[in-house]
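Enquirer: FYI, in our numbering the residues of the sequence shown are 12 to 183. By construction, the Cβ of each residue, glycine as well, lies at the ideal position given by its N, Cα and C atoms. My questions all concern the structure below.
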Amino acid sequence: GAPSAGPPSSVVGLWRRRHWQIHARGRGQNAAIHASPLVALKPQLLREAPGLRTVLHSHDFDQWEALVASTLGHHRSRLLAGSVPFESQIRCGAVEEFQVLHLRGSGKVQMLREQCGHGVLWLPLQGLTQEWINGNNYLAEPGMALLFRPGDAMRGLTSEQLTGVSILIPEH
12 GAPSAGPPSS VVGLWRRRHW QIHARGRGQN AAIHASPLVA LKPQLLREAP GLRTVLHSHD
72 FDQWEALVAS TLGHHRSRLL AGSVPFESQI RCGAVEEFQV LHLRGSGKVQ MLREQCGHGV
132 LWLPLQGLTQ EWINGNNYLA EPGMALLFRP GDAMRGLTSE QLTGVSILIP EH
């Protein structure tokens, strides 16, 4: 149905009011996804993530890495020398069968991951991630998203300040 008037009061409402266009780069490859925001959409609502509960707020890189690995899949990361001090906040919630993670952090991170069991739609809201997915180079920035499919091999780098939403897509 049509979205209701006025701003959504939670990430759940925001999810339901969003329309997505997926532009596949070929069969079996990742998709670059461009959001088509509605006029009433307020990007600040996604950045603030109302309705989600905080599961981590820490300066401990190992705590962050363990939580990311337990939710997103096998993950190895390292904090790059010379970056700003590390800090991370992760907030969680659910929209029907989709788990939603709101991630905010500081500190430039190098990541190595294999996507297992479920897909992940990554929507950067602030900052950039440079990603190599199955050898293909992508730059994820606000206004676009990346889709990680089960079995994808990923390595990447983050900007020093990063905020974004990961939506876990269950295996069917």
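1. Considering only residues of the same chain and omitting the five flanking positions on each side of residue 175, which have a CB-CB separation below 7 Å?
2. Ignore the nearest five residues each way along the sequence and tell me which others in residue 100's own chain have a CB closer than 6 Å to its CB.
3. Let me make sure I understand the geometry here. Which of 143, 150 and 153 has the alpha-carbon closest to that of residue 163?
4. Quick check on this structure: which residue in 92, 183 and 75 has the alpha carbon closest to the alpha carbon of residue 83?
5. State yes or no: is the C-beta of residue 63 within less than 8 Å of the C-beta of residue 102?
6. What three-state label does DSSP hand residue 95 in the structure shown?
7. With respect to the beta strand (DSSP E) encompassing residue 137, which residues constitute its N-terminal and C-terminal limits?
8. So, for residue 89: in the same chain, excluding its five sequence neighbours on each side, which residues have a beta-carbon less than 6 Å away from its beta-carbon?
9. Provide the residue(s) that pair with residue 106 in DSSP beta bridges, ordered along the chain.
10. Of the residues 156, 105, 98 and 106, which one's Cα is nearest the Cα of residue 73?
11. What residue range is occupied by the uninterrupted beta strand (DSSP E) comprising residue 125?
12. Report the residue from 183, 159, 151 and 66 whose alpha carbon sits nearest the alpha carbon of residue 170.
Expert: Reading from the atomic positions:
1. The sequence position of residue 175 within the sequence shown is 164, counting from 1. 114, 133, 134, 135 and 136.
2. Here residue 100 is taken as the residue at index 89 of the sequence shown, counted from 1. Closer than 6 Å at Cβ, skipping near neighbours: 68 and 115.
3. Along the sequence shown, one-based indexing puts residue 163 at 152. Ranking the options by Cα distance to residue 163, first place goes to 143.
4. Position 72 of the sequence shown, counting from 1, holds the residue named residue 83. Closest by alpha carbon: 75.
5. Against the sequence shown, residue 63 aligns to sequence position 52. Against the sequence shown, residue 102 aligns to sequence position 91. Residue 63 places its beta carbon less than 8 Å from that of residue 102.
6. Position 84 of the sequence shown holds residue 95. Reduced to three states, the DSSP call for residue 95 is coil.
7. On the sequence shown, residue 137 is found 126 positions in, with the first residue counted as 1. Segment 130-137, the beta strand (DSSP E) holding residue 137.
8. What you label residue 89 is simply residue 78 of the sequence shown in a count that begins at 1. Here the set comprises 121.
9. The count along the sequence shown starts at 1 and reaches residue 106 at position 95. For residue 106, which the question treats as bridged, DSSP gives the partners 109.
10. As a working mapping, residue 73 is identified with position 62 in the sequence shown. Nearest to residue 73 by alpha-carbon distance, out of 156, 105, 98 and 106, is 98.
11. Indexing the sequence shown from 1 puts residue 125 at position 114. Its beta strand (DSSP E) spans residues 120-125.
12. As a first step, residue 170 must be located in the sequence shown, where it is residue number 159. Per the Cα distances, 151.
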